[in-house]
Amino acid sequence: MKRVTAVCLLALALAACKKEATPPPAATAPAVTPGTALPAPVATDAGPVELKEVVETTPNYVVGITYNTKAAQYPGLARELKHYADNARSELIEAANGRTAKENPSPYELSLTFDDVVDAPDMVAVSADGSSYTGGAHAAPLIARFVWLPKQNKLLKAEELVPDKAGWDAISRFVREQLHSALSQRIDADDLAPAVRAEQIETGGRMIDDGTAADPANFAMFEPMRSADGKLSGLKFVFAPYEVGPYSDGTQMVEVPAAVLLPHLAPAYRPLFVGGA
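FYI, the numbering for the sequence shown is -21 to -1, 1 to 256, going by mature numbering (1 follows the signal peptide of the UniProt record, and there is no 0).
Take a look at the structure:
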């Protein structure tokens, strides 16, 4: 089951580039020399971006957006956060303006909060969590993660961090094992009849397997886990409701330690992790 959110607007990372004194006629982005350094900084518009709290209350819709983050000091990252929030707001307002009071008398609602997860000179991570209600039984989740490399002025994307399928095969196996174990524990706690338990294990297991197939798109949301020495002890992969389980299971997270990741990381990023260098 592919990653599903009502508003799934993952931030696009800017392509790495490198200036040269006399560029060749058909210059392309230089490859990273294994084990040497992170990709060169990306040239972007350096203009400041204001991350201002949004509070709107109308008969048709209610919007609340909060930025509990220091991301404004990184214009490129701030631009990504604001783009995500602006799009979520625009979609809600469009849906609200297209409905009739008879269809749904209650105003549509958007709630979204950005928080700092990691704030360090070499890496910044921001979480976006909220919901968008446009009718129906419950609100749709709004969940995103943004990992920013200040020195390279770019977002770190899953497919760049782990560049080959073998790596995603290994990560998929590890994550599936953790999610299947958690599923069994939740179902066992309900003390269900054997037939009902078997059915829920089968259904839940199928959702887990679909949502964790060895494709970086299934692992696009992750949080860095920092150790005491400042290096990364691993990554916490984040799965929104419906991705690896029913809505009632909520957001699920799986911690993958550096030891599992290291053999599959792109050489340029290994030094960021414990045991990488």
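No residue lacks a Cβ here, since even glycine has one placed at the ideal position from N, Cα and C.
Taking a cut-off of 8 Å for Cβ pairs, the stretch 145 to 159 and the stretch 176 to 193 touch, as three or more such pairs fall below it. GLU202 carries a strand assignment under DSSP once its states are collapsed to helix, strand and coil.
Per the DSSP secondary-structure output, LYS133 pairs in a beta bridge with LEU128. In the structure shown, SER151 adopts helical secondary structure according to DSSP, grouped into three states.
The beta carbon of THR45 lies closer than 6 Å to those of GLU32 and THR92 in the same chain, with the five residues before and after it left out. Cα atoms of ALA177 and ARG185: separation of roughly 12 Å, rounded to the nearest angstrom. Under the DSSP definition of a beta bridge, ASP108 partners with THR92 and ILE122. Taking ASP167 as the centre and dropping the five residues before and after it, the same chain places the C-beta of ARG176 closer than 8 Å to its C-beta, in chain order. In the structure shown, the three-state DSSP call for ALA196 is helix.
Secondary structure note for GLU222: it is in no beta strand (DSSP E), with a DSSP letter that is neither H nor E. Residue range 54 to 76 is occupied by the alpha helix (DSSP H) that includes LYS61.
If you draw a straight line from the Cα of ALA64 to the Cα of ALA123, it is about 10 Å long. VAL217 is a Cβ neighbour of PHE201, given a cutoff of 8 Å. Within the same chain, and ignoring the five residues on either side of GLN179 in sequence, the residues whose Cβ sits closer than 6 Å to its Cβ are ILE166.
Inclusion of GLY115 and SER90 in the CB contact set at 8 Å is not warranted, their separation being larger than that value. Measuring C-alpha to C-alpha distances from THR182 to each of PHE125, ALA172, ASP169 and LEU162 identifies LEU162 as the nearest.
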